[in-house]
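Structure record follows, encoded as structure tokens.
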Amino acid sequence: MTIKSDLWIRRMAAENGMIEPFETGQVREVDNERVISYGTSSYGYDVRCASDFKIFTNIHSAVVDPKNFVESSFVDKRSDVCIVPPNSFALARTVEYFRIPRNVLTICLGKSTYARCGIIVNVTPLEPEWEGHVTLEFSNTTPLPAKIYANEGVAQMIFFESDEVCETSYSDRQGKYQGQKGVTLPKT
């Protein structure tokens, strides 16, 4: 496997619609205002989160159970800013829609700007032939409320291309998160 460069990412986005919408370079300013960067970087792509958030709350004293997740454990919010409570988490989705090629594995990593503030983005893979908006998980590890900015950079995608095509892709397995749109809760 080899890590892919900005040239490869631009080509795959243009020829195969791998990332939509797609920014060919790093965006650091919008309407003369500094933003947390997003778009194509040297060896990756910095994604943005959309303005739809699900903020975890424990008002119902629910148990966090991935096999039986209680949807009422979240408060839905649509905003340009999400305040994540101390020692809690929130879910969002990428602005970008992904179509991962069959011979590519993509890893989502957090951006250092957020990590330096105690906000952790869960590391997650986008498997070969997975398609959809990525559901992002933000953990606030601090004892203070933390801000997440919609439509600005929040995580980086790194692309690894294999010399051979996988035998069974995510699409072949009919993965449970295939084609997801919006913020998607855990499924079993």
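Heads up, the sequence shown is in our numbering, so the first residue is 184 and it goes up one at a time.
From the three backbone atoms N, C-alpha and C, an ideal C-beta is built for every residue, glycine too.
- For M340, the enclosing beta strand (DSSP E) stretches over residues G336 to E344.
- Burial of G293 is indicated by the presence of at least 16 other C-beta atoms within 10 angstroms of its C-beta.
- Rounded to whole angstroms, F343 and K187 show a C-alpha spacing of 6 Å.
- Between R211 and the set P204, F205 and Y221, the nearest pair of CA atoms involves Y221.
- In the DSSP assignment, S224 forms a beta bridge with G227.
- The region 254 to 294 contains, as complete beta strand (DSSP E) runs of 3+ residues, the segments 257 to 261, 264 to 267, 272 to 282 and 287 to 293 (chain order).
- In the DSSP annotation of this structure, the continuous segment of the beta strand (DSSP E) that includes L319 starts and ends at E314 to N323.
- Annotated as distal: E254 and E203, with beta-carbon spacing of 9 Å or more.
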